[in-house]
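Visitor:
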Amino acid sequence: MLVNESKRKVWHGRVELADTFFKRFKGLMLVRNVNYALVFVLPAETRVNASIHMFFMLSDIDVIWLDSSCRVVDFKTARKWRVYAPKKAAKYIIEGPVGMIRTLEIGEGDLISWSLSEEKEKAIPVKISLPEKLSFESSNGVTMAESVSKLKTKKA
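Per numbering that gives the first Met the number 0, the very first residue in the sequence shown carries number 0; after that it's consecutive.
#1: Alpha carbon to alpha carbon, how far is Lys79 from Phe39? Give it in angstroms, no decimals.
#2: Return the first residue and the last residue of the alpha helix (DSSP H) that Ile60 is part of.
#3: Within the continuous alpha helix (DSSP H) that includes Phe21, where are the two ends?
#4: Short of 6 Å in beta carbon distance, which residues of its chain neighbour Asp109, apart from the five on each side in sequence? Order them along the chain.
#5: Consult DSSP for Ile100 and reduce its assignment to one of helix, strand or coil.
#6: Three or more C-beta pairs closer than 8 Å, one from the stretch 81 to 90 and one from the stretch 37 to 54: is that the case here?
#7: Relative to the C-alpha of Leu65, which residue among His52, Ser58, Ser114 and Gly106 is closest?
#8: Rounded to whole angstroms, what's the CA-CA distance from Ile111 to Val30? Just pull it up for me.
#9: Can you say whether Pro96 is buried or exposed, counting buried as having 16 or more other CB atoms within 10 angstroms of its CB?
#10: Report the option in Tyr91, Phe55, Glu15 and Phe54 whose CA atom is closest to the CA atom of Leu115.
#11: Beta-carbon within less than 8 Å of Gly98's beta-carbon, same chain only, minus the 5 sequence neighbours each way: which residues are those?
#12: Any idea which residues DSSP pairs Leu1 with across the strands?
#13: What do you reckon, are the CB atoms on Leu41 and Lys90 nearer than 7 Å?
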(Lines of atoms letter the chains of each structure in order from A and count residues from 1; the text may use other names and numbers.)
(Lines give C-alpha, C1' and ligand atoms only; values in the text may rest on other atoms or scores of the structure.)
Protein backbone atom coordinates (compact mmCIF):
# COMPACT_ATOMS: atom_id res chain seq x y z
CA MET A 1 0.00 0.00 0.00
CA LEU A 2 1.22 3.49 -0.86
CA VAL A 3 0.07 6.54 1.10
CA ASN A 4 0.26 10.22 0.18
CA GLU A 5 0.55 11.51 3.75
CA SER A 6 0.19 15.14 2.59
CA LYS A 7 -3.20 14.59 0.97
CA ARG A 8 -4.34 11.48 2.87
CA LYS A 9 -4.76 9.47 -0.33
CA VAL A 10 -4.12 5.71 -0.45
CA TRP A 11 -3.28 3.33 -3.28
CA HIS A 12 -4.27 -0.17 -2.14
CA GLY A 13 -2.04 -2.22 -4.42
CA ARG A 14 0.73 -4.69 -3.75
CA VAL A 15 4.12 -3.07 -2.99
CA GLU A 16 7.49 -4.80 -3.33
CA LEU A 17 11.02 -3.60 -2.59
CA ALA A 18 13.94 -3.44 -5.05
CA ASP A 19 16.83 -3.05 -2.63
CA THR A 20 19.53 -5.17 -4.27
CA PHE A 21 21.51 -4.61 -7.46
CA PHE A 22 19.76 -7.45 -9.31
CA LYS A 23 16.25 -6.38 -8.26
CA ARG A 24 16.98 -2.79 -9.33
CA PHE A 25 18.55 -4.00 -12.58
CA LYS A 26 15.51 -6.10 -13.54
CA GLY A 27 12.89 -3.69 -12.20
CA LEU A 28 9.68 -4.09 -14.18
CA MET A 29 11.33 -5.07 -17.46
CA LEU A 30 9.42 -7.74 -19.37
CA VAL A 31 6.45 -7.63 -16.97
CA ARG A 32 3.32 -7.94 -19.12
CA ASN A 33 0.70 -6.59 -16.77
CA VAL A 34 2.17 -4.21 -14.20
CA ASN A 35 -0.32 -4.56 -11.33
CA TYR A 36 1.95 -3.77 -8.38
CA ALA A 37 4.34 -1.03 -7.28
CA LEU A 38 8.08 -1.49 -6.96
CA VAL A 39 10.01 0.77 -4.56
CA PHE A 40 13.66 1.16 -5.57
CA VAL A 41 16.10 1.99 -2.77
CA LEU A 42 19.05 3.65 -4.47
CA PRO A 43 22.63 3.51 -3.14
CA ALA A 44 23.02 7.31 -3.33
CA GLU A 45 20.76 10.33 -3.66
CA THR A 46 21.66 11.76 -7.09
CA ARG A 47 19.95 12.58 -10.37
CA VAL A 48 22.21 10.16 -12.30
CA ASN A 49 21.48 7.18 -10.00
CA ALA A 50 17.78 7.98 -10.20
CA SER A 51 17.56 8.04 -13.99
CA ILE A 52 15.57 5.20 -15.52
CA HIS A 53 15.24 3.64 -18.96
CA MET A 54 12.10 2.11 -20.40
CA PHE A 55 13.89 -0.31 -22.76
CA PHE A 56 12.33 -3.79 -22.84
CA MET A 57 9.23 -2.53 -21.04
CA LEU A 58 5.99 -4.07 -22.26
CA SER A 59 3.76 -1.26 -21.00
CA ASP A 60 3.88 2.34 -19.79
CA ILE A 61 4.19 2.95 -16.03
CA ASP A 62 3.79 5.72 -13.46
CA VAL A 63 7.05 6.80 -11.82
CA ILE A 64 7.49 8.84 -8.62
CA TRP A 65 10.92 10.07 -7.49
CA LEU A 66 11.46 10.78 -3.77
CA ASP A 67 14.33 12.40 -1.88
CA SER A 68 15.83 10.88 1.29
CA SER A 69 13.00 12.36 3.40
CA CYS A 70 10.41 10.62 1.13
CA ARG A 71 9.21 13.90 -0.41
CA VAL A 72 8.24 13.90 -4.10
CA VAL A 73 10.86 15.61 -6.26
CA ASP A 74 9.36 14.56 -9.62
CA PHE A 75 6.72 12.28 -11.14
CA LYS A 76 5.44 11.28 -14.57
CA THR A 77 3.92 8.57 -16.70
CA ALA A 78 6.89 6.95 -18.42
CA ARG A 79 6.45 5.71 -21.98
CA LYS A 80 8.13 2.64 -23.49
CA TRP A 81 11.57 2.93 -25.11
CA ARG A 82 12.53 6.27 -23.53
CA VAL A 83 14.95 7.49 -20.85
CA TYR A 84 13.95 9.66 -17.87
CA ALA A 85 15.80 11.58 -15.15
CA PRO A 86 14.19 13.43 -12.24
CA LYS A 87 14.33 17.24 -11.91
CA LYS A 88 16.21 16.90 -8.60
CA ALA A 89 18.28 14.23 -6.83
CA ALA A 90 16.32 11.20 -5.58
CA LYS A 91 16.97 8.39 -3.11
CA TYR A 92 13.81 6.35 -3.86
CA ILE A 93 11.90 5.60 -7.06
CA ILE A 94 8.41 4.14 -7.07
CA GLU A 95 7.32 2.47 -10.29
CA GLY A 96 3.80 1.18 -10.72
CA PRO A 97 0.79 0.88 -13.00
CA VAL A 98 -0.53 3.87 -14.91
CA GLY A 99 -3.16 5.56 -12.71
CA MET A 100 -1.19 5.28 -9.47
CA ILE A 101 -0.15 8.97 -9.64
CA ARG A 102 -3.74 10.06 -10.24
CA THR A 103 -5.09 7.89 -7.39
CA LEU A 104 -2.55 9.34 -4.93
CA GLU A 105 -3.04 12.89 -6.30
CA ILE A 106 0.75 13.28 -6.35
CA GLY A 107 2.30 16.75 -6.31
CA GLU A 108 5.86 17.96 -5.80
CA GLY A 109 6.75 18.10 -2.10
CA ASP A 110 4.14 15.52 -1.03
CA LEU A 111 5.25 13.10 1.69
CA ILE A 112 4.90 9.46 0.58
CA SER A 113 5.00 6.34 2.74
CA TRP A 114 4.55 2.67 1.93
CA SER A 115 4.00 -0.67 3.55
CA LEU A 116 5.34 -3.74 1.79
CA SER A 117 3.07 -6.60 0.87
CA GLU A 118 3.64 -9.76 2.87
CA GLU A 119 5.56 -12.48 1.08
CA LYS A 120 3.80 -15.80 0.91
CA GLU A 121 5.69 -18.57 2.63
CA LYS A 122 7.01 -21.38 0.49
CA ALA A 123 5.75 -24.92 1.00
CA ILE A 124 8.00 -27.21 3.00
CA PRO A 125 7.83 -30.96 2.35
CA VAL A 126 6.77 -32.92 5.42
CA LYS A 127 6.88 -36.67 6.00
CA ILE A 128 3.65 -38.19 7.20
CA SER A 129 2.80 -41.75 8.12
CA LEU A 130 0.39 -43.56 5.80
CA PRO A 131 -1.74 -46.66 6.35
CA GLU A 132 0.07 -49.95 5.59
CA LYS A 133 -1.52 -50.58 2.17
CA LEU A 134 -0.91 -47.02 0.91
CA SER A 135 2.57 -46.16 -0.30
CA PHE A 136 4.18 -43.52 -2.48
CA GLU A 137 7.24 -45.69 -3.04
CA SER A 138 6.17 -47.73 -6.08
CA SER A 139 8.44 -48.45 -9.00
CA ASN A 140 6.20 -46.92 -11.69
CA GLY A 141 5.25 -43.76 -9.77
CA VAL A 142 1.58 -44.81 -9.45
CA THR A 143 0.25 -45.72 -6.02
CA MET A 144 -2.71 -48.00 -5.52
CA ALA A 145 -4.62 -49.12 -2.44
CA GLU A 146 -7.00 -52.08 -2.37
CA SER A 147 -9.85 -49.93 -1.09
CA VAL A 148 -10.40 -47.06 1.28
CA SER A 149 -12.94 -49.04 3.32
CA LYS A 150 -10.41 -51.89 3.87
CA LEU A 151 -7.83 -49.36 5.02
CA LYS A 152 -10.31 -47.85 7.48
CA THR A 153 -11.50 -51.21 8.85
CA LYS A 154 -7.99 -52.59 9.16
CA LYS A 155 -6.93 -49.58 11.24
CA ALA A 156 -10.04 -49.69 13.49
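A virtual CB, placed ideally from N, CA and C, is assigned to each residue, including glycine.
Guide: Here's the rundown:
#1: 19 Å
#2: No alpha helix (DSSP H) contains Ile60, which is instead part of the beta strand (DSSP E) from Ile60 to Leu65.
#3: Phe20 to Lys25
#4: Asn3, Ser5 and Val71
#5: helix
#6: yes
#7: Gly106
#8: 25 Å
#9: buried
#10: Glu15
#11: Asp61
#12: Trp10 and Trp113
#13: yes
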